[in-house]
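Residue numbers for the sequence shown follow the numbering used here, beginning at 943 and rising by one. Some notes on the structure that comes next.
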Amino acid sequence: MPDNTSPEPLQNVDPATISVWRIEGFITAIVLALGGLVPIAPTSFTIAVVVAACIALVGFVVALAWPNARYKRLRYGLDPFGLILQHGVLWRTQIALPRTRIQHSDVSQGPLQRRYGIATLKLYTAGSRYTKVELEGLQHAEAIALRDSLLGRAAPSG
């Protein structure tokens, strides 16, 4: 008979999340670079282009490197009491979310997440510092199963 008191080991989210974060980073870098053209454009077109290119280059480097670091630090697991979530590259956070505090939940997907088959599990809790906890990067079916598992065990038995 399995021991229900030992927590499952923490695991990373789906690796496809890295691709989604990179694409989002590239889009952000392009928007920032184009935005960098606007304030300087009347001064000198050459300076504006150089500044925009530098912004784009830095943005692309960050978009390539940051998702890997973020992925390595985003871990989650279930224990008998609820969900454990660790995240943060520079400032690391560990959240223990008891099943009994979960009031409702959502599973959502943006267009890129749908393309890569991943989703974000959003858990809303009774008044605390973390009234909404998000776990992004789960496979869609896994997000639904995790949501059902968390809510199913929180329901009173009959």
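For glycine and all other residues, C-beta sits at the position ideal for the given N, C-alpha and C.
Element boundaries [alpha helix (DSSP H), containing residue i]
{"i": "residue 1077", "result": "From DSSP, residue 1077 is part of no alpha helix (DSSP H) but of the beta strand (DSSP E) over 1074–1081."}
{"i": "residue 957", "result": "Here residue 957 belongs to no alpha helix (DSSP H), and DSSP marks it neither H nor E."}
For residue i, three-class secondary structure by DSSP
{"i": "residue 1020", "result": "strand"}
{"i": "residue 1068", "result": "coil"}
{"i": "residue 1091", "result": "helix"}
{"i": "residue 1055", "result": "helix"}
{"i": "residue 1049", "result": "strand"}
{"i": "residue 974", "result": "helix"}
{"i": "residue 952", "result": "coil"}
For residue j and residue i, the rounded distance between their alpha carbons
{"i": "residue 1009", "j": "residue 1043", "result": "30 Å"}
{"i": "residue 971", "j": "residue 1011", "result": "18 Å"}
{"i": "residue 1024", "j": "residue 1039", "result": "6 Å"}
{"i": "residue 1061", "j": "residue 1050", "result": "6 Å"}
{"i": "residue 1068", "j": "residue 968", "result": "37 Å"}
{"i": "residue 1014", "j": "residue 1091", "result": "25 Å"}
{"i": "residue 1017", "j": "residue 1066", "result": "19 Å"}
{"i": "residue 1074", "j": "residue 1029", "result": "15 Å"}
{"i": "residue 943", "j": "residue 952", "result": "Here residue 943 scores only 43 on pLDDT, less than 50, and its place in the model is too uncertain to base an answer on."}
{"i": "residue 977", "j": "residue 994", "result": "8 Å"}
{"i": "residue 1048", "j": "residue 1089", "result": "8 Å"}
{"i": "residue 989", "j": "residue 997", "result": "12 Å"}
{"i": "residue 1035", "j": "residue 992", "result": "38 Å"}
{"i": "residue 954", "j": "residue 975", "result": "32 Å"}
{"i": "residue 1020", "j": "residue 1041", "result": "10 Å"}
{"i": "residue 1063", "j": "residue 1085", "result": "6 Å"}
{"i": "residue 1045", "j": "residue 1032", "result": "30 Å"}
Residue interval of the beta strand (DSSP E) (run including residue i)
{"i": "residue 1000", "result": "Segment 987–1015 is the alpha helix (DSSP H) holding residue 1000; no beta strand (DSSP E) there."}
{"i": "residue 1039", "result": "1035–1040"}
(message) Assess contact between the segment 1074–1092 and the segment 1039–1055, defined as three or more Cβ pairs (one per stretch) separated by less than 8 Å. Is contact present?
(response) yes
(request) Would you be able to state if there are at least three C-beta pairs under 8 Å between the segment 958–974 and the segment 998–1009? (result) yes
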